[in-house]
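Quick note: to get the working numbering, add 46 to the position in the sequence shown (first position is 1). We put the beta carbon where it would ideally sit given N, CA and C, even for glycine. Quantities reported herein were computed from a predicted structural model and do not represent experimental measurements.
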Amino acid sequence: MVEFVKLTATLTLDDYAATADLVGAVHELRAEADDVLPWFKGRSVVMLNSTAKGGGVAEMLPRIVQMLNELGITAHWAAMGIEHPDFFKFTKRLHNLIHGEGDPVLSLDDRKLYDEVNRSVADQLRPHLKPEDLLIVHDPQPLGAGAILKRELGLRAIWRCHIGLDAHLLATRAAWSFMQPYLETYDHSVFSAPEYIPNYLAGRASVIHPGIDPLSHKNRFLRPNKLTGILCNAGLVVEHAPVLAPPFPQKVQRLQPDGSFGAATLPDEIGFLYRPIVTEISRWDRLKGFGPLLAGFVRLKQKLHQTASLHPRHRQRLEIVRLVLAGPDPDSVQDDPESRETLEELRHQFCALDPKFQRDIALLSLPMDSRKNNELIVNALQRCAVLVAQNSIREGFGLTVTEAMWKGTPVMGTEACGIREQIRDGIDGRLVRNPEDPLEIADLLDEMLSDYPERERWARNAQKRAYTEFLVFAQMQRWLRVLTECAALPRRERIVGHTRHIPVPA
Ligand code: UDP
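Quick look at the structure:
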């Protein structure tokens with residue numbers, strides 16, 4: 047059953063405006079919204095996605111819907127609420143095909159099933175919609191329902207795609223051809239990067255980057271005593287003095303030289319408060335490039351012993367620098383055999399290392415029992431790092447990069463599509479060209495670690511860029527522009543190209 051999801055109270059725009067570093071962004075957003083409000087009189091914006099719980103889209107939607115309402119635009123969130131295992135098996139296949147993986151042959155039965163479910167969703171949603179409304183459909187699952195509602199009610203419909211691949215393969219072509227008849231019905235589409243727009247939508251799509259919430263537990267500022275408290279509560283440092291809060295129920299676990307997981311402070315403290323630390327935090331996915339990063343770090347340490355002519359300060363830095371690779375507790379991803387395999391490969395890679403290199407590499411499993419605690423740990427780890435590495439071989443967008451940029455931690459990324467959308471090489475950070483080449487990774491780590499002024503410059507630029515481009519306010523401003531263009535469309539006309547200025551109705 048389609049469900050209209052109730053929003054539970056989150057932070058309001060006033061809360062953001064109460065902080066010195068965000069007041070400007072909120073002010074700009076409000077001013078832009080005030081200009082376009084007349085277009086939305088008497089109409090609603092309805093967001094439709096597959097599920098009310100689980101996944102990045104369901105996490106992001108409440109904030110967008112709430113902000114639209116706060117800005118004066120009536121907005122609702124509807125979830126498909128379908129419990130049809132075959133349907134989700136099929137849409138998962140479609141999802142994988144968009145990422146270039148899986149059997150590209152989609153049958154007539156697949157389409158029949160997809161159409162049936164989407165017809166039922168459209169029928170359930172229709173009584174709640176008016177022809178003046180704007181429907182925003184997220185990802186492939188409810189795409190068909192949006193097309194039906196667009197045709198039958200004549201409302202304005204936009205498709206928001208949160209996934210994509212910057213390559214044209216047999217698999218991607220199969221998915222995009224399957225979706226073409228539905229997509230052609232829509233007024234407009236929105237993607238996370240220009241490379242993800244299929245050819246047949248060229249000129250009828252916009253790019254909106256995802257945005258992070260600067261006041262969430264994952265991104266908010268942490269005072270030194272709070273940050274130290276989190277590290278203590280999570281078992282990442284030994285309590286040398288009393289801390290305010292009790293320990294987290296589940297602590298971070300660290301891979302031990304014998305291949306088992308144990309306390310993160312064994313066999314010694316990692317040194318979060320003292321040492322330069324290079325940190326990558328991601329899901330345990332081969333495409334996140336953990337393996338080559340680990341090999342590159344070992345190479346960097348080897349170089350230290352082979353090079354006689356190092357500046358003493360840099361030598362000391364390379365002596366004490368450590369690498370942290372962190373990801374979710376494997377027990378929380380039991381239904382994901384690929385991530386267990388990746389972790390297993392890393393375990394082997396680590397166990398095969400000379401103990402003198404093992405000592406300087408910590409592979410951490412982060413507890414997932416409490417979302418808040420997990421977010422606080424991620425926040426603290428990103429803030430403690432001298433460099434955040436995101437050595438992705440492929441990356442849809444890479445929120446971990448945005449999170450580090452916003453915190454002012456310098457980033458070493460790669461040229462994977464989502465990362466190069468965020469970091470301009472040499473301006474906001476540095477990009478590895480070949481994330482599978484440990485030698486190149488070692489050289490770039492060395493270069494970045496040796497140059498303190500440049501690191502600071504990249505970090506400052508990255509933070510500014512995150513502020514203007516990748517916070518939730520920038521995302522909302524882009525949504526306002528797309529929604530206004532769509533609201534201003536004469537019936538049966540479509541938006542062409544990127545957004546332009548729309549005059550306000552009298
Ligand atoms: N993340 C987390 N806990 C972990 C590992 C990752 O909260 O143990 C978060 C990370 O901070 C980021 C998100 O998961 O916000 C991953 O998003 P990203 O776009 O980087 O990659 P994806 O996982 O979507 O491929």
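Tell whether a beta-carbon distance below 8 Å holds between residue i and residue j.
i      : j      : result
Gly118 : Leu83  : yes
Phe224 : Leu140 : yes
Arg619 : Asp155 : Given a span of 47 to 552 for the chain in the structure shown, any question on residue 619 remains unanswerable.
Leu346 : Leu364 : yes
Asn265 : Asn480 : no
Ser235 : Pro256 : no
Ser496 : His351 : no
Leu171 : Ala191 : yes
Ser438 : Ile465 : yes
Glu147 : Ala217 : yes
Ile182 : Val91  : yes
Arg89  : Glu198 : no
Leu312 : Arg321 : no
Leu152 : Ala220 : yes
Leu477 : Glu461 : yes
Thr448 : Phe516 : yes
Arg429 : Leu268 : yes
Ile559 : Phe343 : The chain is shown from 47 up to 552; residue 559 falls before or after that span and cannot be answered.
If distances are taken between C-alpha atoms only, which option among the options comes closest to residue i?
i      : options                        : result
Ala291 : Lys272, Pro303, Ser411         : Lys272
Ser262 : Asn420, Ala79, Asp81           : Asn420
Pro227 : Glu241, Trp205, Ala213, Phe237 : Trp205
Leu578 : Pro536, Val518, Leu529         : Past the boundaries of the shown model lies residue 578; the chain is included only from 47 to 552, so the question cannot be answered.
Thr353 : His208, Arg165, Asp492         : Asp492
Glu241 : Asn164, Glu230, Ile209, Pro270 : Ile209
Val51  : Leu107, Ala64, Ala77           : Leu107
Arg405 : Ser416, Asp314, Asp377, Leu215 : Asp314
Arg332 : Gln436, Met451, Lys158, Leu215 : Gln436
Between residue i and residue j, what straight-line distance do the alpha-carbon atoms span, to the nearest angstrom?
i      : j      : result
Thr514 : Leu389 : 36 Å
Arg546 : Glu531 : Low per-residue confidence applies at Arg546: pLDDT is 40, beneath 50, and the placement is therefore not dependable enough to give any value.
Ala534 : Met93  : 19 Å
Asp61  : Asp67  : 12 Å
His544 : Ala520 : Residue placement at His544 cannot be trusted, given a pLDDT of 46 that sits under 50; what the coordinates show is reported in the next sentence. Looking at the two C-alpha atoms, the distance is approximately 16 Å.
Leu410 : Val298 : 7 Å
Leu57  : Val69  : 14 Å
Ile548 : Glu116 : In this prediction, Ile548 scores a pLDDT of 42, lower than 50, which makes its location untrustworthy; the coordinate-derived value is nonetheless stated afterwards. Computed Cα separation, rounded: 22 Å.
Lys453 : Arg506 : 10 Å
Leu53  : Gln112 : 7 Å
Glu326 : His286 : 27 Å
Glu500 : Met494 : 8 Å
Val457 : Arg470 : 11 Å
Ile144 : Thr120 : 32 Å
Val550 : Asp81  : Unreliable positioning characterises Val550 in this predicted model, as indicated by a pLDDT of 44, which lies under 50. The coordinate reading is nonetheless provided below. Each residue's Cα considered, the two are about 7 Å apart.
Ala552 : Asp149 : Confidence is the limiting factor: at Ala552 the pLDDT is only 39, short of 50, which leaves the residue's position unreliable, though a coordinate-based value still follows. Near 53 Å, if we compare the C-alpha coordinates of Asp149 and Ala552.
Leu277 : Glu441 : 29 Å
Gln523 : Lys196 : 25 Å
Glu14  : Leu427 : A query on residue 14 cannot be resolved here, the shown segment of the chain reaching from 47 to 552 and no further.
Lys99  : Pro260 : 22 Å
Val370 : Ala124 : 40 Å
Phe396 : Pro244 : 41 Å
Val48  : Leu180 : 17 Å
Ile414 : Pro374 : It should be pointed out that residue 414 corresponds to Met in this sequence rather than to Ile. Taking the straight line joining both Cα atoms gives about 6 Å.
Is the beta carbon of residue i within less than 7 Å of some heavy atom of ligand 1?
i      : result
Ser262 : no
Gly281 : no
Ile276 : no
Thr514 : no
Thr446 : yes
Arg329 : yes
Phe443 : yes
Pro481 : no
Pro102 : Residue identity check: residue 102 is Gly in the sequence provided, not Pro. Because some heavy atom of ligand 1 lies under 7 Å away, the Cβ of Gly102 counts as near it: yes.
Ala191 : no
Leu412 : yes
Ala372 : yes
Val424 : yes
Glu147 : no
Asn437 : no
Glu449 : yes
Asn420 : yes
Please list the segments of the beta strand (DSSP E) lying wholly inside the segment 230-263, counting only runs of 3 or more residues, in order along the chain.
As for any beta strand (DSSP E) of minimum length 3 sitting wholly inside the segment 230-263, the runs are 234-237, 251-253, ordered along the chain.
Tell me the start and end of each unbroken alpha helix (DSSP H) in the segment 391-450 that is at least 4 residues and wholly inside, in chain order.
Here the runs fully enclosed are 401-404, 417-430.
Could you tell me which uninterrupted beta strand (DSSP E) segments, each at least 3 residues in length, are contained entirely in the segment 118-193, listed from first to last along the chain?
The segment 118-193 contains these whole beta strand (DSSP E) runs: 121-125, 180-184.
Can you give, in chain order, each stretch of the beta strand (DSSP E) that sits fully within the segment 296-354 and has at least 3 residues?
The qualifying runs are 299-301, 307-309, 323-327.
Can you check the segment 483-528 for any alpha helix (DSSP H) of at least 4 residues that lies completely inside it and give the ranges in chain order?
Listed in chain order, they are 484-496, 498-511.
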